[in-house]
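A quick write-up on the structure given underneath.
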Amino acid sequence: MTQPALDLVIAALETIREKSDRAPRASRVALARLQAGDPITDSSRVAPASPTGRRLQSQDKAALLTEIRERVSACTKCAHLACSRTQTVFGVGNPDAELMFIGEAPGADEDRQGEPFVGRAGQLLTRILKAMNFARGDVYIANILKCRPDMAAGSFGNRPPTPTEMQTCRPYLVEQIEIIQPSVLVALGAVAVEGLLGTRETMRELRGRWHTYNSIPLMITYHPAYLLRNQAPSEKRKVWEDMLQILERLERPISERQRNYFL
Ligand code: SF4
-16 MTQPALDLVI AALETIREKS DRAPRASRVA LARLQAGDPI TDSSRVAPAS
34 PTGRRLQSQD KAALLTEIRE RVSACTKCAH LACSRTQTVF GVGNPDAELM
84 FIGEAPGADE DRQGEPFVGR AGQLLTRILK AMNFARGDVY IANILKCRPD
134 MAAGSFGNRP PTPTEMQTCR PYLVEQIEII QPSVLVALGA VAVEGLLGTR
184 ETMRELRGRW HTYNSIPLMI TYHPAYLLRN QAPSEKRKVW EDMLQILERL
234 ERPISERQRN YFL
């Protein structure tokens, strides 16, 4: 397509996106790739990076994520959550991460700080990452829901997001994944799996083996909050075995000490 024609297509799609309730048939990522001259065969999604495919540049990814973050921070699609939240919790980490973690929704700590996985479960996730030889800033961490699920006045703890809330917020996560193009996705817990894949199965059936999301390898493992509730070494070992599979998939070196954790 010639550049003037391409500019017209991009401008028209941008106008539809801004003015219509109906989503146009190309994502902002697809538009960015069109602008960069990338060949795109499926306008509904962007294929993950391949040895032969071109990737978005890091600075493009950061700019695209900033634009979505701004839309999320102003989002009121779930009016009840927009009223109750302190702030939205978009995501954190390396826009060019090869490893991306997906949780379910912000809790009270995350709602207060505006960052996912900063409470006790988040601190455990950071320790797991360290054991894998990753810093928190090396990976990308996001939730299905960007607002904290509201709680009845006077009640404590967290409630899981409803299917409707997850469906409403999911497009933001889909865009984040399209931009980051991780080599491996990790879904933490059954609720995250339901939000991402729309499937409801037990963790016993899901965890410990490879799945795919839009051609991206997806590992499903327990949410760190589960490990805080169940401290049995056998459960810790199950999560660690899932992490070992991820390290192998990413072709990261694994020491003997790492192999033997929780045995
Ligand atoms: S949960 Fe998501 S879709 Fe709902 S108001 Fe928050 S940002 Fe918007």
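If you're matching positions, the sequence shown starts at -16 in my numbering and goes up one per residue.
We treat Cβ as the ideally placed atom computed from N, Cα and C, and that holds for glycine.
In this text, all values refer to a predicted model and were calculated from it rather than measured experimentally.
- Taking C-beta separations shorter than 7 angstroms and ignoring five residues to either side along the sequence, the partners of G97 in its chain run Q70 and V72, following chain order.
- For the alpha helix (DSSP H) assignment, the uninterrupted runs of no fewer than 4 residues enclosed by the segment 39 to 119 are, from N- to C-terminal side, 41 to 56, 62 to 67, 91 to 96 and 103 to 114.
- Burial check for L47: the Cβ neighbour count within 10 Å reaches 16 or more, so the residue is buried.
- A45 has its alpha-carbon roughly 6 angstroms from the corresponding atom of P78.
- In this structure, the alpha-carbon of I160 lies about 32 angstroms from that of S217.
- Nearest to I85 by C-alpha distance, out of T182, G178 and W193, is G178.
- Comparing alpha carbon positions, the residue from I163, L64 and L230 closest to L39 is I163.
- A91 and R142 have their C-alpha atoms roughly 11 angstroms apart.
- At a cut-off of 3 residues, the continuous stretches assigned as beta strand (DSSP E) that sit fully inside the segment 169 to 222 are 193 to 196 and 199 to 204.
- In this structure, DSSP gives I124 an extended state, which the three-state scheme calls strand.
- For Y155, the enclosing alpha helix (DSSP H) starts and ends at P146 to I163.
- The continuous stretches of alpha helix (DSSP H) do not include R235, and DSSP gives it neither H nor E.
- Residue nearest to L156 within the set N197, G137 and D133 is N197 (criterion: CA-CA distance).
- In this structure C61 is not in contact with E158, their Cβ atoms being roughly 17 angstroms apart against a cut-off of 8 angstroms.
- Across the set L189, D94, R232 and R110, the C-alpha of D94 shows the shortest separation from the C-alpha of L64.
- Going by beta carbons, A173 and R131 fall outside the 8 angstroms limit.
- Under a 10 Å Cβ-count criterion, W223 is classified as buried, with 16 or more other Cβ atoms of the shown protein chains found around its own Cβ.
- Closest option to P154, judged by alpha-carbon separation, among A125, F245 and D121: A125.
- Relative to the non-hydrogen atoms of the ligand SF4, the Cβ of V55 comes within a distance shorter than 7 angstroms of at least one.
- With contact defined as three or more Cβ pairs closer than 8 angstroms, the segment 204 to 213 and the segment 106 to 119 are in contact.
- Residue N116 holds the alpha-carbon nearest to the alpha-carbon of S238 among R232, N116 and D121.
- Take the alpha-carbon of L227 and the one of I127: they are about 24 angstroms apart.
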